[in-house]
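Just below is one structure, and these are the notes that go with it.
In this note's numbering, the protein residues as written are 6 to 205.
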């Protein structure tokens, strides 16, 4: 299983991004991600044996969130750079509560052998992958003509563990488990079970 942890999008953000893709698709040399598959990654777990899924779920269920998280989505850019664009993205504001959540997920997985992040967390939402060698001039012009580069705000109350499967049409994401935030001012029982999705 190839796994990631991520924040899902609300319906308003999905609608805004669907409209963005509709506007840019005719002029953009980009392989688009379907808006229903878009997300803000917290941690890329990587390949994980299904036989050890229970221990992964247990550790993730112990992640605590002690303050509300709001993630404004605004701005457009490229990774790794405008000169060598490979990924076209929407920016996600790197707020302190979001950074703390990503750090807590990282810390929960480290004892299981998942390599901790050494690079600073850069939250974003992948719109698509740029085709090699294609001119982006028309895309740049279309972006300049957008009425807004603000796409809404995420106010998540949980994070999700996804399984990612690579297909010819792009990655397909399946929910494995959801982890509601436990916003607590007092200690709570450790090891609350996650909400399992699509599993028996």
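Every residue gets a Cβ at the ideal spot worked out from N, C-alpha and C, and that includes glycine.
On the DSSP letters alone, give me the boundaries of the alpha helix (DSSP H) that residue i sits inside.
| i | result |
| --- | --- |
| residue 102 | 101-114 |
| residue 16 | 16-29 |
| residue 69 | From DSSP, residue 69 is part of no alpha helix (DSSP H); its letter is neither H nor E. |
Using the DSSP secondary-structure output, state which residues sit across from residue i in a beta bridge.
| i | result |
| --- | --- |
| residue 48 | 10 |
| residue 84 | 92 |
| residue 129 | 96 |
| residue 78 | 97 |
| residue 37 | 133 |
| residue 175 | 172 |
Residue i to residue j, Cα distance in whole Å?
| i | j | result |
| --- | --- | --- |
| residue 48 | residue 109 | 10 Å |
| residue 124 | residue 135 | 23 Å |
| residue 44 | residue 127 | 13 Å |
| residue 101 | residue 75 | 10 Å |
| residue 129 | residue 56 | 31 Å |
| residue 59 | residue 167 | 14 Å |
| residue 19 | residue 41 | 7 Å |
| residue 118 | residue 33 | 40 Å |
| residue 178 | residue 149 | 31 Å |
| residue 70 | residue 144 | 39 Å |
Can you tell me where the beta strand (DSSP E) holding residue i begins and where it ends?
| i | result |
| --- | --- |
| residue 155 | 155-159 |
| residue 168 | 163-172 |
| residue 143 | That residue, residue 143, is in no beta strand (DSSP E); its alpha helix (DSSP H) goes 142-149. |
So is residue i buried or exposed if we call it buried at 16+ other beta carbons inside 10 Å?
| i | result |
| --- | --- |
| residue 87 | exposed |
| residue 133 | buried |
| residue 51 | exposed |
| residue 10 | buried |
| residue 54 | exposed |
So residue i packs on residue j, CB below 8 Å; how close in whole Å?
| i | j | result |
| --- | --- | --- |
| residue 159 | residue 12 | 6 Å |
| residue 80 | residue 28 | About 16 Å separates the two Cβ atoms, so there is no contact after all. |
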